[in-house]
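Right, one structure below, let's go through it.
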Amino acid sequence: MWQIIGQTRAVSLLQHSLESGNLAHAYLFIGPSHVGKMTLAVHLAQALNCEAAERPCLECASCEKIKAGSHSDVQVIGLTRNEDTGEAMLISIGQIEDLQHDANLPPFEGKHKVFIIDPAELLSLPAANRLLKTLEEPADKVTFILLTINDRLLPTTVISRCQRLELPPLSVAEEAKALMDRLGIEPERARLLAGLSHGCPGWALAAAGDDSLLQQRDQELSRMLDTIKADYVERFAYVSRLAARFTQNRGAVYDILDLWLDYWRDLMLVKLDHHDMITNIDRKDELVEMAGGYRLNQMKDFIKSISSTAEQLRQNVNTRLALEVLMLDIPSKEGGGVENLNNRISVKYG
Ligand SMILES: [Zn+2]
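Residues in the sequence shown are numbered from 170 upward in steps of one, following my numbering.
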């Protein structure tokens with residue numbers, strides 16, 4: 170029994186291939202973070218090794234071991250960080266050579282070997298080239314599953330040797346319903362979690378069981394609101410903290426920019442009277458009050474600015490500079506503080 174939220178197309182395709190014995194040797198699962206790529210990969214590994222008649226049963230010893238990450242025939246090759254800097258390291262040719270060595274041995278305790286590479290975009294070019302050989306001449310009873318948020322980050326030679334499976338985000342309504350049905354979450358909270366997770370249930374499931382995730386989001390939103398009201402000295406101090414964090418954990422800073430983006434989109438939706446479409450439904454009153462202070466064009470321009478900052482960070486521009494420009498682009502409330510801030514900035518930058 171596949172317990173995947175959404176992704177009916179991918180699940181039925183895999184189930185059908187499994188039953189007809191037509192599984193590919195290598196898959197590429199493409200979809201945003203938390204959409205369920207790893208869950209689906211683990212389910213496939215369970216299905217390939219399950220001892221029950223209906224696979225995956227998720228209950229037999231093999232399914233349990235794979236879920237716990239302790240099955241010797243199922244390996245995840247993934248993110249490692251530099252011990253000193255905390256930066257993500259590329260998957261090396263040495264790691265792929267170890268994998269190839271393992272892949273040539275028969276399954277040890279199960280029926281089928283599965284290697285999950287996550288995220289596949291971290292494959293160094295030599296590692297990707299080395300992997301090609303294995304993907305071209307796959308051993309029996311070996312399946313590779315590559316996970317990525319963006320297949321354009323992978324060499325086309327690798328992509329062409331995998332069967333692609335796209336895992337799109339769910340609609341907010343579909344995800345909210347799944348959260349209500351499976352976890353018994355009450356509708357308002359399910360709608361909030363589904364909206365905040367953008368149709369990627371992994372985050373919503375984690376947040377449903379761990380209040381600290383929503384608390385972190387509240388803290389980041391408070392920091393954003395403080396920063397909007399702050400002068401440039403404080404805004405640039407905030408940039409310094411974000412830039413330092415970016416070195417340690419890029420994802421955390423992208424998440425913060427996503428929060429900003431959601432909030433300003435919500436302001437725009439409120440301004441346009443589309444209250445039912447907002448993401449931050451628990452902050453509706455605050456959004457309504459704040460939306461009154463800005464013109465629609467200011468909101469649109471700032472939303473563009475946040476998007477372009479996120480885009481630039483992904484293209485490895487100067488982090489601090491990109492974030493400082495974003496701070497300069499924060500719109501001033503109608504009739505409040507514009508002159509003062511502009512004066513101060515002209516002093517700082519000439
Ligand atoms: Zn099982």
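Glycine is no exception: its CB is placed at the ideal position from the N, C-alpha and C atoms. Note that this is a predicted model, so its numbers are computed, not measured.
So, helix, strand or coil for residue 326, using DSSP?
Position 157 of the sequence shown holds residue 326. Three-state result, residue 326: helix.
I'd like to check one pair, residue 369 with residue 494: are the Cβ atoms closer than 9 Å?
Here the question's residue 494 lines up with position 325 in the sequence shown. Here the question's residue 369 lines up with position 200 in the sequence shown. Not in contact: residue 494 and residue 369 (Cβ atoms no closer than 9 Å).
Can you give me the C-alpha to C-alpha distance between residue 191 and residue 184, rounded to a whole angstrom?
Within the sequence shown, numbered from 1, the residue matching residue 191 stands at position 22. Within the sequence shown, numbered from 1, the residue matching residue 184 stands at position 15. Their Cα atoms are separated by approximately 10 Å.
Along the beta strand (DSSP E) that carries residue 282, what are the first and last residues, could you check?
The residue labelled residue 282 in the question sits at position 113 within the sequence shown. Here the beta strand (DSSP E) through residue 282 covers 282–287.
So, residue 268 versus residue 290, is the Cβ gap smaller than 9 Å?
For the purposes of this step, residue 268 is identified with residue 99 of the sequence shown, where counting begins at 1. For the purposes of this step, residue 290 is identified with residue 121 of the sequence shown, where counting begins at 1. No; because the gap between Cβ atoms is not below 9 Å, this pair is not in contact.
Taking 6 Å as the limit between beta carbons, can you name the residues of its chain near residue 311, skipping five residues before and five after?
For the purposes of this step, residue 311 is taken as the residue at position 142 of the sequence shown. If we look at residue 311 and ignore the five residues flanking it on each side, its Cβ neighbours are 272, 282.
DSSP on residue 250, reduced to helix/strand/coil?
Start at 1 with the first residue of the sequence shown, and residue 250 comes out as number 81. Residue 250: strand per DSSP, three-state reduction.
In chain order, what residues of the same chain lie with their CB nearer than 6 Å to the CB of residue 224, ignoring the 5 residues before and after it?
Reading the sequence shown from its first residue, position 55 is the one you call residue 224. Around residue 224: 216.
Whose C-beta lies closer than 6 Å to the C-beta of residue 258 among residues of the same chain, with five residues either side of it excluded?
Counting from 1 along the sequence shown, the entry for residue 258 is found at position 89. Taken in chain order, the residues that qualify are 249, 251.
Please confirm whether any heavy atom of ligand 1 lies closer than 8 Å to the CB of residue 331.
The residue you call residue 331 lines up with position 162 of the sequence shown. No - ligand 1 has no heavy atom lying nearer than 8 Å to the Cβ of residue 331.
Assign residue 170 to one of three DSSP states: helix, strand, or coil.
Within the sequence shown, residue 170 is the residue found at index 1, counting from 1. Residue state, collapsed to three classes: coil.
For residue 332, report the span of its beta strand (DSSP E) as first-last.
By 1-based counting over the sequence shown, the position of residue 332 is 163. Taken as a continuous stretch (DSSP letters only), the beta strand (DSSP E) holding residue 332 covers 332–335.
Straight-line CA distance for residue 479 to residue 276?
Here residue 479 corresponds to residue number 310 of the sequence shown, with the count starting at 1. Here residue 276 corresponds to residue number 107 of the sequence shown, with the count starting at 1. If I take the Cα positions, the gap works out to 44 Å.
Please report the distance separating the alpha-carbon of residue 195 from that of residue 374.
Numbered from its first residue, the sequence shown carries residue 195 at position 26. Numbered from its first residue, the sequence shown carries residue 374 at position 205. Approximately 28 Å, taken between the alpha carbons.
Is DSSP giving residue 215 helix, strand or coil here?
By one-based count along the sequence shown, residue 215 stands at place 46. Helix at residue 215.
Verify whether the separation of the beta carbon atoms of residue 455 and residue 424 is less than 9 Å.
For the purposes of this step, residue 455 is taken as the residue at position 286 of the sequence shown. For the purposes of this step, residue 424 is taken as the residue at position 255 of the sequence shown. Contact: no.
What do you get for residue 208, buried or exposed, if any count of 16 or more other CB atoms within 10 angstroms of its CB means buried?
Numbered from its first residue, the sequence shown carries residue 208 at position 39. Residue 208 comes out buried.
Ligand 1 and residue 220: does the residue's C-beta get closer than 8 Å to at least one heavy atom of that ligand?
Here residue 220 corresponds to residue number 51 of the sequence shown, with the count starting at 1. The answer is yes for residue 220.
Excluding five sequence neighbours on each side, which residues of the same chain lie with their C-beta closer than 8 Å to the C-beta of residue 498?
Position 329 of the sequence shown, counted from the start, is the residue given in the question as residue 498. Only 470, 471, 474 meet the Cβ criterion.
I need the boundaries of the alpha helix (DSSP H) containing residue 377, first residue and last residue.
Working through the sequence shown from its first residue, we reach residue 377 at position 208. Segment 370–378, the alpha helix (DSSP H) holding residue 377.
Can you check whether the CB of residue 500 is closer than 9 Å to the CB of residue 367?
In the sequence shown, the residue the question calls residue 367 occupies position 198. In the sequence shown, the residue the question calls residue 500 occupies position 331. Contact: no.
Do residue 412 and residue 489 count as a contact pair if the criterion is CB distance below 9 Å?
Taking the first residue of the sequence shown as 1, we reach residue 489 at position 320. Taking the first residue of the sequence shown as 1, we reach residue 412 at position 243. Cβ atoms of residue 489 and residue 412: closer than 9 Å.
Put residue 244 into one of helix, strand or coil per three-state DSSP.
The residue you call residue 244 lines up with position 75 of the sequence shown. Three-state DSSP puts residue 244 in a strand.
Residue 446 and residue 460 - do their beta-carbons sit closer together than 9 Å?
As a working mapping, residue 460 is identified with position 291 in the sequence shown. As a working mapping, residue 446 is identified with position 277 in the sequence shown. Contact flag unset, no.
Mapping DSSP to helix, strand and coil, what is residue 317?
As a position in the sequence shown, residue 317 is number 148, starting the count at 1. Strand.
By a C-beta neighbour count over all protein chains shown, 10 Å radius and 16 as the cutoff for buried, is residue 303 buried or exposed?
For this step, residue 303 is matched to residue 134 along the sequence shown. So residue 303 counts as buried.
Is DSSP giving residue 198 helix, strand or coil here?
Within the sequence shown, numbered from 1, the residue matching residue 198 stands at position 29. In this structure, residue 198 counts as strand in the three-state DSSP scheme.
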